[in-house]
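Undergrad: Take the working numbering: the last position of the sequence shown gets the number 240, and nothing is skipped along the way.
Don't be surprised by glycine CBs; every beta carbon is placed ideally from N, CA and C.
Please read all numbers here as calculations on a predicted model, not as lab measurements.
This is the structure I have questions about; it appears just below.
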Amino acid sequence: MNEFYLQIIMLVLLFAVMYFILIRPQKKREKEVNAMRDSLKVGDDVVTIGGIYGKVVRVREDRFTIQVGAEKVRLEVAKWSVSQKVDKDGKSSKVVVPEAQDDEVPEAPLRPTPKTIKKIGAADKNDSDEQ
């Protein structure tokens, strides 16, 4: 009977440790993010979870309208999709960008865009007409 109580106590302790290690910090982070989203106002620079940088131009209860790019395209995004607020100096305190190493291989250059584009159906018709 004594071993039974010892197992129950160990199980309860395990759940308590898991709560303090995993669940509690996650809840704290969630509260911080929700507070950040609630504090956003028109003119704030933000980053969405998709990596889109923009400026808030309209705030609604459940969504934001952000302005992106040089052409000032407006996007309506859900409030939960804003992941970070960008500081005025253009840096986000949450984004960590690894620095490039000297031994890294540079990316391959992109292929140039062709000057003319052939239609797939047109090429097939020309081939069948020639035969």
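Counting C-beta neighbours from all protein chains within 10 Å, is the total for G178 16 or more, i.e. buried, or is it exposed?
TA: That one is exposed.
Undergrad: Using a threshold of 7 angstroms, state whether the C-beta atoms of G183 and Q193 are closer than that.
TA: Correcting the residue identity first, residue 183 is Arg in this sequence and not Gly. Going by C-beta atoms, R183 is not nearer than 7 angstroms to Q193.
Undergrad: In the structure shown, what three-state DSSP assignment does L115 receive?
TA: L115: helix per DSSP, three-state reduction.
Undergrad: Starting from A187, follow the beta strand (DSSP E) in both directions and report where the run begins and ends.
TA: Its beta strand (DSSP E) spans residues V182 to A187.
Undergrad: Roughly how many whole angstroms lie between the Cα atoms of F113 and L120?
TA: Approximately 11 angstroms, taken between the alpha carbons.
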